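Notes for the one structure printed next.
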Amino acid sequence: MSPPNRFDKTQQWRRIFYSLRTSILIWYVLLLTFSAFLSTLIVRQVLLSRLDAKRENSLMQEVKEFRVLANGKDPNTGKSFQNDIKALFRVFLNRNIPNDDEFLIAIVEGEIDRSSPRALPEPLQKNSELIQYFAKLTQPEQGARETTAGTILYRAAPIIRDETHGVFVVAQLTAGERQEVDEAMAVMIHVKIFVIIGAAILAWLVAGRTLTPLHLLTETARSIRESDLTRRIPVKGSDEVAELATTFNEMLDRLQAAFSSQRNFINDASHELRTPITIIRGHLELMGDDPQEREETVALVTDELDRMSRFVDDLLLLAKAEQPNFLKLERLDLTTLVAEIYSKAIALSTDRHWQIDRHSPGTIIADRQRLTQAMINLAQNATQHTTTGDTIALGCMQRHNWVRLWVRDTGEGISLADQQRIFERFARTTKSQRRSEGAGLGLAIVRAIAQAHGGKIELSSRPHRGSTFTIVLPIEPTSEISSHE
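When we follow the working numbering, the leftmost residue of the sequence shown carries the number 891, and every step to the right adds one.
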């Protein structure tokens, strides 16, 4: 039992790892991580840029103040410093307090005279390479040097009075402030890690809640059986998931209707075929040796076989109506078409009053044989719902980009309840259940032919006032239809 259990657990973990919920979480965490990394780099760069600007301003300000004092008077005596460079350096360094990691250095004749603070880092101590370099300057200079203590930014202002050569240097170590920035970034990174972990947990929970309808959809799809299509997914909200659930429910409605229609079709078709087979078998079993009885039985069997053949042909026609090569289109003259249909229709019943209401000139691109078949079916239907002396009229009319072909009768009419269903397969009106010998496919064929042309069938009827069936077709076929011409 253990191997199957391990296999089931492996499959379960694989489903979790490759699930949409996990994919959403992974992309969400990756996006957060990338955003955190990018924002940290940007913040660090901004802080370093501001520090550089702050240092530059500080160095510039110190040199500026030194030059003002050098060109001015001793605040203690009110006299000019003249050639006393050491006094100038003494007054300036006593009056100015350097910032953190900033050093004010006075060099006189190549030697450090004084500094503030007194303790200097190794690269700025007496006789160091950098101090010796500063002592030789005769022009103002600014720059940066890489040393063992880190990067040192500096500004140097030489001053010469008579034969005395001095250099004022303001220098600043950058390592301390950069370290503070890096420590702040480290704290920020730790905070962001905890934020990402918390956001990932929250995203996992939210994704699970959001994807609940999808799990219900999956469970519903798995539980669907041909015998039970009644289950639906509860729809909550109006987001994309709710829209998907609504669409899935609508698909189930269509499937349920299609399966129900298919089941009814099979039941009706089997019933329509079973009846003539039963009649044929019964008469053949009872047929005796009498020649007249044999002749009558053969005639009856032939009639039933003809009815079965017509029924099968009608079923095949309905199936072919959904195929792209169902129609053979050609340009037809409306006046000629109505006249041809009329000449064929009057043979359906000699005790009806046949007439043509109207026919407007014009042409239409359609299948002559299928369109004639549809109109004859309507005429045949009219003969079954009229009595001797009733009027059956045919007509056509062109309006805008549409052609209307109709069959009108003055018969019994059709109730409103029957009007909603008579175009379905095997449907008959309540009053015609006993009178019609057909299988109830005639009007379904008419609708299929009209729809194949890109048109439709309309019905206008009132009980005891007659009915008018109108086939509405476009004059020019749509591109989808014409491509199969």
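We treat Cβ as the ideally placed atom computed from N, Cα and C, and that holds for glycine. It should be emphasised that the depicted structure is a prediction, and the values quoted were computed from it without experimental measurement.
Under 6 Å Cβ to Cβ from P988, same chain only, skipping five residues before and after it: list those, please. Taken in chain order, the residues that qualify are L994, S1006.
By how many angstroms is the C-alpha of P1367 removed from the C-alpha of H1374? Note that H1374 has pLDDT 46, beneath the 50 cutoff, so the model's placement of it is unreliable and no number is given.
Could you check what DSSP says for A1047 in three-state terms: helix, strand or coil? Strand.
Just verifying my parser: in three-state terms, what is the DSSP assignment at S1326? A caution first: S1326 carries a pLDDT of 49, below 50, which makes its placement in the model unreliable, though a value can still be read off. Coil.
Proximity of I1304 and A1269 at Cβ, strictly below 9 Å: It is not a contact, given that the beta carbons lie outside the stated cut-off.
By DSSP's criteria, D1223 is part of a beta bridge. Which residues make up the other side? Answer is T1253.
Taking the alpha carbon of R1298 as the point to measure from, which residue in I1266, I1312, R1311 has its own alpha carbon closest? Ranked by Cα distance from R1298, the options I1266, I1312, R1311 are led by I1266.
Just the C-alpha distance for G968 and Q1032, rounded to the nearest angstrom, thanks. Those two C-alpha atoms are separated by around 31 Å.
Taking 6 Å as the limit between beta carbons, can you name the residues of its chain near A1211, skipping five residues before and five after? Hits under 6 Å: A1338, A1342.
Cross-strand partners of A1283 (DSSP beta bridge): Looking at the DSSP assignment, A1283 forms a beta bridge with Q1245, R1298.
DSSP three-state call for I1266: helix, strand or coil? Taken through DSSP and simplified to helix, strand or coil, I1266 comes out as helix.
Environment of N1154 [buried if 16+ CB atoms lie within 10 Å]: N1154 sits exposed, since fewer than 16 C-beta atoms from the chains shown fall within 10 Å of its C-beta.
Please give me, in chain order, every unbroken run of the beta strand (DSSP E) with length at least 3 that falls completely inside the segment 1159-1221. Taking only runs of at least 3 residues, no beta strand (DSSP E) segment lies wholly in the segment 1159-1221.
Going by C-alpha distance, which of L1331, E1302, T1136 is nearest I1312? It is L1331.
Which value, in whole angstroms, describes the spacing of the CA atoms of I1091 and L1101? Going by C-alpha positions, I1091 is about 15 Å away from L1101.
Is the segment 1249-1266 in contact with the segment 1188-1204, if contact means three or more CB pairs nearer than 8 Å? Note that the segment 1249-1266 does not touch the segment 1188-1204; fewer than 3 beta-carbon pairs, one per stretch, sit closer than 8 Å.
Report all residues from its chain with a CB closer than 8 Å to the CB of R1248; omit the five preceding and five following residues, and keep chain order. The beta carbon of R1248 sits closer than 8 Å to the beta carbons of G1285, C1286, M1287 from its chain, once the five residues preceding and following it are set aside; these are given in chain order.
Suppose the cutoff is 6 Å on Cβ atoms and the five residues either side in sequence are ignored; what does the same chain contact list for S1350 look like? Excluding sequence neighbours, S1350 sits near T1358.
Just the C-alpha distance for A1235 and E1314, rounded to the nearest angstrom, thanks. A1235 and E1314 have their C-alpha atoms some 24 Å from each other.
Go through its chain and collect everything with a Cβ distance to D1257's Cβ below 7 Å, but skip five positions before and after it. Only L1217, K1218, L1219 meet the Cβ criterion.
8 Å contact criterion, which Q1062 and D991 should meet: CB distance rounded: Going by Cβ atoms, the distance from Q1062 to D991 rounds to 6 Å, so yes, they are a contact pair.
According to DSSP, residues forming a beta bridge with A1061: For A1061, which the question treats as bridged, DSSP gives the partners F993, Y1044.
May I ask you to list the residues that DSSP assigns as paired with A1034? Answer is L1043, bridged to A1034.
Does any heavy atom of the ligand ZN sit closer than 8 Å to the C-beta of L1107? Absent from the structure shown: the ligand ZN. Ligands present: none.
In DSSP terms, what H1055 is bridged to: Beta bridge pairing from DSSP links H1055 with I1050.
Just to confirm the assignment, what range does the alpha helix (DSSP H) spanning S1239 have? Unbroken run through S1239: none, as it is neither H nor E.
Label F982 either buried or exposed according to how many other C-beta atoms from any shown protein chain fall within 10 Å of its C-beta, with 16 as the threshold for buried. By the 10 Å Cβ count, F982 comes out buried.
Beta carbon of R1121 nearer than 9 Å to that of T1110: The beta carbons of R1121 and T1110 sit closer together than 9 Å.
Within 10 angstroms of the Cβ of R1324, are there 16 or more other Cβ atoms? Answer buried if so, exposed if not. Note that R1324 has pLDDT 38, beneath the 50 cutoff, so the model's placement of it is unreliable and the number below is only indicative. By the 10 Å Cβ count, R1324 comes out exposed.
Buried or exposed: I1405, going by 16 or more other Cβ atoms within 10 Å of its Cβ? Outside the displayed span of the chain (891 to 1375) sits residue 1405, for which this structure offers no information.
My output table needs one value for G1356: the three-state DSSP class, helix, strand or coil. Three-state result, G1356: strand.
Here's the rule: buried if 16 or more other CB atoms are within 10 angstroms of the residue's CB, otherwise exposed. What is H1275? Around the beta carbon of H1275, 16 or more other beta carbons sit within 10 angstroms, so the residue counts as buried.
Cα-Cα separation, S1326 to T1273: The predicted model places S1326 with a pLDDT of 49, which falls under 50 and marks its position as unreliable; any figure quoted below should be read in that light. Those two C-alpha atoms are separated by around 10 Å.
Could you check the C-alpha separation between L931 and R1112 for me, to the nearest Å? Taking the CA atoms as reference points, L931 sits about 49 Å from R1112.
L941 to N947, Cα distance in whole Å? Spanning the two alpha carbons is a distance of roughly 10 Å.
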